[in-house]
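K.L.:
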Amino acid sequence: MDKCIREIRDKAQELLETGQVEVVIGFTAGTLPGKSTPCFITRGEDCKLLVWDEGCKNNLANYLLKEKRKAAIIIKGCDSRSLVNLLTENQLSRDRVVILGAPCPLTEGCEGCQIKSPVIYDYLVSGKAGKTGEDDFHDVKTFARLSPQERKEYFYKEVSKCIRCYACRNACPACYCRECFVENNLPQWVGKSTQLADNLIFHLTRALHVAGRCVDCGACQRACPMGVDLRILNRKMLLEVKELYQFEAGLKEEQELPLNTYDPGDPEPFLAGGGEA
Amino acid sequence: MKEPKIVAFLCNWCSYAGADLAGVSRLQYPPNVRIVRVPCSGRVDPLFILTALKHTDGVLTAGCHPGDCHYTSGNLVARRKFTLLKSLLEFVGIEEKRVQFDWISAAEGNRFAARIRDVTEEVKGLEPWDRWGGRQDG
Amino acid sequence: MYEILKDDFFLWLKGQLGQKEILAPRLKEEGYLFLPWDGEELELTGYTNTLKPVKDAFFPQWEALIRYRMDKGKPVQVMGENPATKPLILFGVRPCDARSILLLDRVFNGPKYKDQHYRERRENTFVISLACSEPASTCFCQDLGISPLAKEGSDILLVDLGDKFLALADTLKGEEILQERPFSPATPGSMDKFQALQGVSRQAAAASLVPEILSGELSQVFVLPLWDEIYRKCLNCGVCTYLCPTCHCFDISDETTDTEGRRVRSWDSCMFGNFTQHGSGHNPRPTGKERIRQRVLHKFKYFPENYLAVACVGCGRCVAKCPVNFDIREVLKRLGGCQDDMSM
Amino acid sequence: MTCQCEIKNPYLPYQMEILEVVEENPEKDLKTFTLGFLNEADHGTFLYTPGQFAEISVFGTGEAPFGIASSPTEKGIVRFSVKKVGRVTTALHILEKGDLVGLRGPLGNSWPLEKFAGKNLVLVGGGFAFTTLRSLVCYILDEENRKNYGNLTVVYGARNPGQLLYKEELQDWSARPDIDIHLTIDRPVEGWWGKVGFVPAVTEQVVTSSENAVAVVCGPPVMIKFTLPVLKKIGFTSENIFTSLEMKMKCGIGMCGRCNIGNKFVCKDGPVFSMAELEKLPAEY
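Each protein sequence line maps, in turn, to chains A, V, C and W.
In case it helps, the numbering used here puts the first sequence at residues 14 to 290.
In case it helps, the numbering used here puts the second sequence at residues 9 to 146.
In case it helps, the numbering used here puts the third sequence at residues -8 to 335.
In case it helps, the numbering used here puts the fourth sequence at residues 70 to 354.
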């Protein structure tokens, strides 16, 4: 990784000093052990502060949505998939961003990850990403084998921890609605209190809103201060989208999102009797 | 159990007209259902269904048969949403019968009445619904 | 100063269960939380502080303030909601959090306006704190001049002396309890030990992290260039504010069915975009920049000006739980740096 | 242990009946509601001064703050002029005579009447921000109070005649000798008998002296922005110019934390501020 971070710093510095970008979005050392923190560098000489290590956990693609300056961004595999999504959905213009791809430095908590290297980049930093795994959705399938009662109890228990700080939503690059449905007050869909019902509706709806766009980066779950198991919902949707519509989000810019389209022959498992009748 | 309350989201062009036909044909169906008319089944956001379950025991969503959508493809796009919603609900342990879908055309008054009878009976047969954990006092 | 054998203390505490509800730190999956205790052994090894702050006990995340009925053909009936007022013992509060209660008192129990719900809960609660012996890496109470052995805000503060607790009172209520058995006056040996602990903590107390510049003119502080920089990584979520023991912003909204309604108060956050947004769409704090500035200045400037104390107790929850490692300590240090820059 | 003293729930509203609804403009999105106390005794405890505000509850929807448009000299009623903008105001606009609403207050400070005593008063208003100025005018014109104040000059402007609040009253005032009132609209309209021109220009024209005088300015931000230099030119100091601010508010009692500007809470320390006070605060409003 030493060589990797040197390359990142050099390239970032070059981009700033040649005026190709006004800001570099990357990571710098954090204040807690094992945590690096997002940073916005505007001076070439500050590029030495950039780091690329196990602590670079946030999904930086999120920041491009608010960035008005021409920016370079240092990204790993899942950030790049989020970025592809944002481009597909016309949330970003490609010529406003210089993408510095780097091999993913993360090892923990990403066991099933298959996309460790960026799928889109202008410059690719050399170096080897960690081993990719095999995602067989073991977690989702194991959970689905529990009884409905057990599943419901688990889900209720998890969601009852939620304090509705919206860290999950705000950390998620797919959650960019100008006005989120929870903030909408005409009508007010979701109550402001942390009653279980409102928490449940929030998390279920969010999982559905990001279905087909979620890249399983885990930013939501890492952001949650209460340790709510949010990812299981997203991964269930991931599995369904993959199996039913043969779609994986953020791999190609030109692919149409599965929920924006249809196939006349789509299955109808939601009908009584699974749509066979 | 107490009589369940059911909400039906019906598309304006087919299913609502089907309900209308059931009415003018004097077909009997349970009074448990409250109808919400929507422009198209494609307008039914999963949020509508989840929110309806806060106050009711079952939800039926019905639209035009695939191929017959007034807006050509509203119901075809909706199919994918419904598929995912249904599978997510099932995943978190919500009974299959609690949230139902159907295609009902303007000519299918009988089908509408039968569907309401079935949904009502089926929801009645389920364990009482906690309405997402119920309203808590605070 | 008093003392009590640990075993005796827990027996005494158990004895209180008849008349009072007791909340104590209990380890859950997500961390320690103040939860009802029914007398079984408390697992406190590894307990530094609770995940959620103690404000929850007086100012819960949400509660109804009033209720009303809207029956057809009848005038609306409106009723005040009475908070549950069962006497409560809060055990295991840390000195930083105990201090936060005094700060909340200034807001909710002011000279002109008093919050009935807060005040009734407050008066019904007896706070027994546990002094800190091993602060966490994110703790910075001492950088704010708060001692991990401080008794302020506690009815009784317990200091761990091995097999016994040294007990100090900060209120009359507390003093009355300590004067009776099973508590007994502290032995000279215990007092020596306490003095030694105090010495250590005093040594550790560094110069205050709150820079001078914050006592100066607002017009100067408000326009510092650092506000343009520090906010960028912030996600504008509510983690820091919801987990903060002194953040007390709230929203009021109505929850209604056809015939019934209640007006609910729920925690809100100055980090949220719609917090200050007018009905017209105008927003005085439209971006993260204004919101971060508001949060920092509220804690370290406005609150001190209005209530004569810094509205941060150094519990470090916001530091530990921020998804992007926004560290308030760094902001204070940088503000201190701005001051040096200006004096140059 | 129970509570030592009786603390009232500060969120419990008075029960009010809507006595009258008046549509103020042709667009019908501006209405004046006259409210009466359902419970006679409450009237005696709702004691307010011009410039204060109160929270109106629309049961089933929520609460929102509004400046009180009536004067305490108008016994038995409280009046508000409300523009339909958001959730609560939309719900309020549906209500009719006889419907019930809640009222919480009075809240905030008021126009500093003690500082106005014996002074000539210049009131400058624009659009539908005239509400608490109406309260002040009615209060001063009251027989008991009129002698305590000097000359009363009012400049009130709107885009067109339809947007002026309280049209009948404005006519009445124009006919009185004890108030000098100048109405103005932005562009000429047939049949208009008042002045034409923006409020700052008219102010410059009709207000000639700041001697022994205070000024009160209420209106859209752009009007205030251009009126202030005019008043300064005439000789008013920042200490002698007052205005009322609007912010999003919830609790109204300085606790919920959203309406502060610097260390001042608009709900508790305001809504009325002198320009001298505002100059010390950042313009975050």
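We put the beta carbon where it would ideally sit given N, CA and C, even for glycine.
Computed from a predicted model, the values in this text were never measured in an experiment.
Who are the neighbours of Pro236(C) on chain W, taking C-beta pairs under 7 Å?
P.N.:
In the third sequence, residue 236(C) corresponds to position 245, counting from 1. Ordered by position in chain W, no residue passes the 7 Å Cβ test against Pro236(C), which lies about 15 Å from the chain.
K.L.:
Between the alpha carbons of Thr250(C) and Gly131(W), how many angstroms are there, rounded?
P.N.:
Taking the first residue of the third sequence as position 1, residue 250(C) is located at position 259. Taking the first residue of the fourth sequence as position 1, residue 131(W) is located at position 62. Between Thr250(C) and Gly131(W), the C-alpha separation is close to 15 Å.
K.L.:
So which residues of chain C does Cys178(A) contact, with C-beta pairs closer than 7 Å?
P.N.:
Working through the first sequence from its first residue, we reach residue 178(A) at position 165. What Cys178(A) touches in chain C: Cys228, Gly229, Val230, Tyr233.
K.L.:
State the start and end residues of the unbroken beta strand (DSSP E) segment that holds Met85(W).
P.N.:
On the fourth sequence, position 16 is the one that residue 85(W) refers to. Residues 83 to 92.
K.L.:
How many Å lie between Ala85(A) and Val85(V) at the Cα?
P.N.:
Indexing the first sequence from 1 puts residue 85(A) at position 72. Indexing the second sequence from 1 puts residue 85(V) at position 77. Taking the straight line from one Cα to the other gives about 37 Å.
K.L.:
Grouping DSSP H, G and I as helix and E and B as strand, with all else coil, what is Phe260(A)?
P.N.:
Position 247 of the first sequence, counted from the start, is the residue given in the question as residue 260(A). In the structure shown, Phe260(A) sits in coil (DSSP, three-state: anything other than H, G, I, E or B).
K.L.:
If I measure Cβ to Cβ from Pro289(W) and keep anything under 8 Å in the same chain, skipping five residues before and after, which residues do I get?
P.N.:
Walking along the fourth sequence from the start, residue 289(W) turns up at place 220. Contacts found: Gly195, Gly196, Ala198.
K.L.:
Identify whether Arg182(A) lies in helix, strand or coil by the three-state DSSP scheme.
P.N.:
As a working note, residue 182(A) is residue 169 in the first sequence. Residue state, collapsed to three classes: helix.
K.L.:
Here's the rule: buried if 16 or more other CB atoms are within 10 angstroms of the residue's CB, otherwise exposed. What is Leu163(C)?
P.N.:
For the purposes of this step, residue 163(C) is identified with residue 172 of the third sequence, where counting begins at 1. Exposed.
K.L.:
Could you tell me the boundaries of the beta strand (DSSP E) in which Val255(C) lies?
P.N.:
Locating residue 255(C) in the third sequence gives position 264, where the first residue counts as 1. Looking at the DSSP string, the run of the beta strand (DSSP E) that includes Val255(C) is 251 to 258.
K.L.:
From Lys312(C), Glu143(C), Ser145(C), Asn115(C), pick the residue whose C-alpha is nearest to that of Lys11(C); which is it?
P.N.:
As a position in the third sequence, residue 11(C) is number 20, starting the count at 1. Taking only the C-alpha atoms, the option nearest Lys11(C) is Asn115(C).
K.L.:
Taking only beta-carbon atoms, is Ala210(A) less than 8 Å away from chain V?
P.N.:
Here residue 210(A) refers to the residue found at position 197 of the first sequence. For Ala210(A), the answer is yes, since a Cβ of chain V falls inside 8 Å of its Cβ.
K.L.:
Scan the segment 302 to 319 of chain C for residues whose Cβ lies nearer than 8 Å to a Cβ of chain A and list them as they occur along the chain.
P.N.:
Within the segment 302 to 319 of chain C, the residues whose Cβ lies closer than 8 Å to some Cβ of chain A are Val310, Ala311, Lys312, Pro314, Val315, Asn316, Phe317, Asp318, listed in chain order.
K.L.:
Can you tell me the Cα-Cα spacing of Gly143(A) and Cys227(A), whole angstroms?
P.N.:
Stepping through the first sequence from its first residue, residue 143(A) is reached at position 130. Stepping through the first sequence from its first residue, residue 227(A) is reached at position 214. Going by the C-alpha atoms only, they are around 22 Å apart.
K.L.:
Closer than 9 Å, Cβ to any Cβ of chain V: which residues of the segment 264 to 276 of chain A, in chain order?
P.N.:
Cβ contacts with chain V come from Pro271, Leu272, Asn273, Thr274, Tyr275, Asp276.
K.L.:
Against chain C, does Pro175(W) count as a neighbour if the rule is that its beta carbon must be under 8 Å from one of theirs?
P.N.:
Start at 1 with the first residue of the fourth sequence, and residue 175(W) comes out as number 106. Taking Cβ atoms only, chain C never reaches closer than 8 Å to Pro175(W), which makes this a no.
K.L.:
Can you round the beta-carbon distance between Leu113(A) and Val138(A) to whole angstroms, since I take them to be within the 8 Å contact cut?
P.N.:
Taking the first residue of the first sequence as 1, we reach residue 113(A) at position 100. Taking the first residue of the first sequence as 1, we reach residue 138(A) at position 125. The pair is a contact, with the Cβ atoms about 7 Å apart (cut-off 8 Å).
K.L.:
Quick one: does Lys94(V) have its CB under 8 Å from some CB of chain A?
P.N.:
Here residue 94(V) refers to the residue found at position 86 when the second sequence is read from its first residue. Output row for Lys94(V): interface = yes.
K.L.:
Assuming contact is defined by CB atoms lying nearer than 8 Å, are Asn273(A) and Ala184(A) in contact in what I supplied?
P.N.:
Numbered from 1 along the first sequence, position 260 holds the residue referred to as residue 273(A). Numbered from 1 along the first sequence, position 171 holds the residue referred to as residue 184(A). For Asn273(A) and Ala184(A), no; Cβs fall outside 8 Å.
K.L.:
Compute the beta-carbon to beta-carbon distance between Gly71(C) and Asn332(W), rounded to the nearest angstrom, for a pair I have assumed lies under 8 Å.
P.N.:
Taking the first residue of the third sequence as 1, we reach residue 71(C) at position 80. Taking the first residue of the fourth sequence as 1, we reach residue 332(W) at position 263. With 8 Å as the limit, Gly71(C) and Asn332(W) do not qualify as a contact, their Cβ atoms being about 31 Å apart.
K.L.:
With a floor of 3 residues, list each beta strand (DSSP E) that falls wholly inside the segment 132 to 198 of chain C, ordered by position along the chain.
P.N.:
You should have 147 to 151, 155 to 160.
K.L.:
Counting only beta-carbon separations shorter than 8 Å, does Met250(A) have a partner in chain C?
P.N.:
The residue you call residue 250(A) lines up with position 237 of the first sequence. No, no contact with chain C.
K.L.:
Grouping DSSP H, G and I as helix and E and B as strand, with all else coil, what is Tyr59(C)?
P.N.:
On the third sequence, residue 59(C) is found 68 positions in, with the first residue counted as 1. Three-state result, Tyr59(C): strand.
K.L.:
Does Ala345(W) have its Cβ less than 8 Å from a Cβ in chain C?
P.N.:
By 1-based counting over the fourth sequence, the position of residue 345(W) is 276. Cβ-Cβ to chain C under 8 Å: no for Ala345(W).
K.L.:
Between the segment 343 to 354 of chain W and the segment 315 to 327 of chain C, do three or more beta carbon pairs fall short of 8 Å?
P.N.:
Short answer: they don't touch.
K.L.:
For chain C, is any of its Cβ atoms less than 8 Å away from the one on Ala84(A)?
P.N.:
For this step, residue 84(A) is matched to residue 71 along the first sequence. False, the Cβ-Cβ gap to chain C never drops below 8 Å.
K.L.:
Quick one: list the residues of chain V neighbouring Ala157(A), beta-carbon separation under 7 Å, in chain order.
P.N.:
Within the first sequence, numbered from 1, the residue matching residue 157(A) stands at position 144. Under the 7 Å cutoff, chain V gives Phe99.
K.L.:
Does the distance between the C-beta of Tyr222(C) and the nearest non-hydrogen atom of the ligand HEM fall short of 7 Å?
P.N.:
With respect to the ligand HEM, the structure offers nothing, as it holds no ligand at all.
K.L.:
Mind checking who Gly131(W) pairs with in its DSSP beta bridge?
P.N.:
For the purposes of this step, residue 131(W) is identified with residue 62 of the fourth sequence, where counting begins at 1. In the DSSP output, where bridge partners are listed per residue, Gly131(W) has Val127(W).
K.L.:
Which residue or residues does DSSP assign as beta-bridge partners of Thr103(W)?
P.N.:
Translated into positions along the fourth sequence, residue 103(W) becomes position 34. Thr103(W) pairs with Glu89(W), Arg148(W).
K.L.:
Can you name the residues of chain C whose CB is closer than 7 Å to the CB of Thr50(A)?
P.N.:
In the first sequence, the residue the question calls residue 50(A) occupies position 37. Per Cβ cutoff of 7 Å: Lys224, Val315, Asn316.
K.L.:
In whole angstroms, what separates the C-alpha of Phe266(C) from that of Leu314(W)?
P.N.:
Start at 1 with the first residue of the third sequence, and residue 266(C) comes out as number 275. Start at 1 with the first residue of the fourth sequence, and residue 314(W) comes out as number 245. If you take the alpha carbons of Phe266(C) and Leu314(W), they lie about 17 Å apart.
K.L.:
Three or more C-beta pairs closer than 8 Å, one from the segment 278 to 288 of chain C and one from the segment 200 to 218 of chain C: is that the case here?
P.N.:
A contact exists between the segment 278 to 288 of chain C and the segment 200 to 218 of chain C.
K.L.:
Using 8 Å as the limit for Cβ to Cβ distance, is Gly6(C) near chain W?
P.N.:
The residue given as residue 6(C) occupies position 15 in the third sequence. False, the Cβ-Cβ gap to chain W never drops below 8 Å.
K.L.:
Name, please, each residue of chain C whose Cβ falls closer than 9 Å to the Cβ of Met85(W).
P.N.:
Translated into the one-based positions of the fourth sequence, residue 85(W) becomes position 16. Those within 9 Å of Met85(W) in chain C number zero; the least Cβ separation is about 10 Å.
K.L.:
Using only alpha-carbon positions, find the residue among Gln268(A), Leu209(A), Gln104(A) that is nearest to Cys190(A).
P.N.:
Residue mapping note: residue 190(A) aligns to position 177 of the first sequence, counting from 1. The shortest C-alpha separation from Cys190(A) is found at Gln104(A).
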